[in-house]
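So the working numbering is basically just the index in the sequence shown, starting at one, shifted up by 192. What follows is a short report on a single structure.
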Amino acid sequence: MFDIGVNLTSAQFARDRDEVVSEAFAAGLSGMLITGTNRHESEEACGLALRYKNCWSTAGVHPHDSSSWTPEVEQAIREMAARPQVVAVGECGLDFNRNFSTPAEQESAFSAQLALAASLNKPVFLHCRDAHERFMALLSPWLDKLPGAVVHCFTGTRAELEACLARGLYIGITGWVCDERRGLGLRELLPLIPAERLLIETDAPYLLPRDLSPKPASRRNVPAHLPHILERIAYWRGEVSDELEQITDENAKRLFGIDF
Ligand SMILES: [Zn+2]
Numbered sequence: 193m194f195d196i197g198v199n200l201t202s203a204q205f206a207r208d209r210d211e212v213v214s215e216a217f218a219a220g221l222s223g224m225l226i227t228g229t230n231r232h233e234s235e236e237a238c239g240l241a242l243r244y245k246n247c248w249s250t251a252g253v254h255p256h257d258s259s260s261w262t263p264e265v266e267q268a269i270r271e272m273a274a275r276p277q278v279v280a281v282g283e284c285g286l287d288f289n290r291n292f293s294t295p296a297e298q299e300s301a302f303s304a305q306l307a308l309a310a311s312l313n314k315p316v317f318l319h320c321r322d323a324h325e326r327f328m329a330l331l332s333p334w335l336d337k338l339p340g341a342v343v344h345c346f347t348g349t350r351a352e353l354e355a356c357l358a359r360g361l362y363i364g365i366t367g368w369v370c371d372e373r374r375g376l377g378l379r380e381l382l383p384l385i386p387a388e389r390l391l392i393e394t395d396a397p398y399l400l401p402r403d404l405s406p407k408p409a410s411r412r413n414v415p416a417h418l419p420h421i422l423e424r425i426a427y428w429r430g431e432v433s434d435e436l437e438q439i440t441d442e443n444a445k446r447l448f449g450i451d452f
């Protein structure tokens, strides 16, 4: 079982990062991808990927951090993304929900990272929130030049899902789908995703599944909750979770060019 989205550099893991990782493996994970969200975090993520077995990382600049994009940052991300343990460019994309960086800054950092990934022949780890039209418009011209792409933490509509699938994108599903307030729409879309395009993730320390029983004392999400998310996704798809685990593992191996 492979978690494609762990924000292991988060300060929320500062005190017990080693335990969080060993508990994840004890819970049944066989590997994880550590998310880089800006130059500094990407460097940290890369260091953690070297430290822990069966861990890899991404290098990139999140839409929220797009205002930090400069030629120097681009050069640093390019250098990091060429390292063997860095298996995707990202997290990059567009987030017009909060606009922590302006839409213009987001679009230029996103386009630059797509070009960078294409030149390094690396897949991209994508974030899209409330920006589907522009996201697809900027992404589409690059898709035949990229070895693969995953929209992580997909939370869009049916039409958006169908557009992503038609373009060959992988779909990352988090514990958002376990949320009885806002995950119901996504739950209904789960059977529409071909198993060969599905990836699973916790997005820890964010998005603690709301249906864990008993409810954990901490609101912090951890990668050890991935088996719960897999089990719920399999249930709502009407599938056996062991089989879905195998297929999603194969997907992660194929997309990121790794073995675990
Ligand atoms: Zn994201």
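Idealized CB from N, CA, C, for every residue including glycine.
Quiz item: Below 8 Å between beta carbons: does that hold for residue 249 and residue 241?
Solution: Yes. Within cutoff.
Self-check item: Helix, strand or coil at residue 321 [DSSP, three-state]
Solution: In the structure shown, residue 321 sits in a strand (DSSP, three-state: E or B).
Quiz prompt | residue 215 versus residue 416 - alpha carbon distance | solution = Cα to Cα, the separation comes out at about 6 Å.
Quiz prompt | Backbone secondary structure at residue 328 - three-state DSSP | solution = Here residue 328 sits in helix by DSSP.
Quiz item: Can you list, in chain order, the residues of its chain whose CB lies under 8 Å from that of residue 274, leaving out five sequence neighbours each side?
Solution: Answer for residue 274: 312, listed in chain order.
Quiz item: From residue 319 to residue 283, what does the alpha carbon distance come to, in whole angstroms?
Solution: Cα-Cα distance, rounded: 6 Å.
Quiz item: What residue from 369, 385 and 384 has the CA that sits closest to residue 378's CA?
Solution: The shortest Cα separation from residue 378 among 369, 385 and 384 belongs to 369.
Quiz item: Between the beta-carbon of residue 342 and the beta-carbon of residue 196, is there less than 8 Å?
Solution: Against a cut-off of 8 Å, the Cβ pair of residue 196 and residue 342 comes out as a contact.
Quiz item: Taking the Cβ atom as the reference point for each residue, do residue 425 and residue 365 lie within a distance shorter than 8 Å?
Solution: By the CB criterion at 8 Å, residue 425 and residue 365 fall inside the cutoff.
Quiz item: Is there contact between the region 263-270 and the region 291-298, where contact requires at least three CB pairs shorter than 8 Å?
Solution: Contact check between the region 263-270 and the region 291-298: fewer than three CB pairs, one atom from each, fall below 8 Å, which does not count as touching.
Practice problem: Would you check if there are 3 or more beta carbon pairs closer than 8 Å linking the region 394-412 to the region 202-219? | Solution: The region 394-412, when compared against the region 202-219, does touch it at the 8 Å Cβ threshold.
Quiz item: Is it the case that the CB of residue 345 approaches a heavy atom of ligand 1 more closely than 7 Å?
Solution: For ligand 1, a non-hydrogen atom lies closer than 7 Å to the CB of residue 345.
Quiz item: ligand 1 heavy atoms versus the CB of residue 283: any closer than 7 Å?
Solution: Because some heavy atom of ligand 1 lies under 7 Å away, the Cβ of residue 283 counts as near it: yes.
Self-check item: C-alpha gap between residue 322 and residue 277, whole angstroms
Solution: The straight-line gap separating the alpha-carbon atoms of residue 322 and residue 277 is approximately 31 Å.
Self-check item: Environment of residue 262 [buried if 16+ CB atoms lie within 10 Å]
Solution: Residue 262 should be labelled exposed.
Quiz item: Grouping DSSP H, G and I as helix and E and B as strand, with all else coil, what is residue 343?
Solution: Three-state result, residue 343: strand.
Quiz item: At which residues does the alpha helix (DSSP H) containing residue 239 begin and terminate?
Solution: Counting along the chain, the alpha helix (DSSP H) containing residue 239 begins and ends at 231-243.
Quiz item: Nearest CA to the CA of residue 327: which residue from 308, 296, 387 and 441?
Solution: When only C-alpha atoms are compared, the closest one is 296.
Quiz prompt | Which of helix, strand or coil DSSP assigns to residue 251 | solution = The DSSP-derived three-state label of residue 251 is strand.
Quiz item: Within the present structure, is the beta-carbon of residue 232 separated from the nearest heavy atom of ligand 1 by less than 7 Å?
Solution: Because no heavy atom of ligand 1 lies under 7 Å away, the Cβ of residue 232 does not count as near it: no.
Quiz item: From residue 349 to residue 287, what does the alpha carbon distance come to, in whole angstroms?
Solution: For the pair residue 349 and residue 287, the Cα-to-Cα distance works out to about 16 Å.
Quiz item: So does residue 324 have its beta carbon nearer than 7 Å to some heavy atom of ligand 1?
Solution: With a threshold of 7 Å, the Cβ atom of residue 324 does not count as near ligand 1, since no heavy atom of the ligand is closer than that.
Quiz item: Straight-line CA distance for residue 435 to residue 400?
Solution: Approximately 24 Å between the Cα atoms of the pair.
Quiz item: How big is the Cα-Cα spacing for residue 228 and residue 427?
Solution: Linking residue 228 to residue 427 through their CA atoms gives a straight-line distance of about 31 Å.
Quiz item: Applying the criterion that 16 or more other CB atoms from any shown protein chain within 10 Å of the CB defines a buried residue, is residue 376 buried or exposed?
Solution: A residue is called buried when at least 16 other Cβ atoms come within 10 angstroms of its Cβ; residue 376 does not meet this threshold and is exposed.
Self-check item: Cross-strand partners of residue 285 (DSSP beta bridge)
Solution: Looking at the DSSP assignment, residue 285 forms a beta bridge with 319.
Quiz prompt | Nonlocal neighbours in the same chain, by C-beta distance under 7 Å from residue 334, ignoring five residues either side | solution = The beta carbon of residue 334 is closer than 7 Å to those of 306 and 310 in its chain, skipping five residues each way along the sequence.
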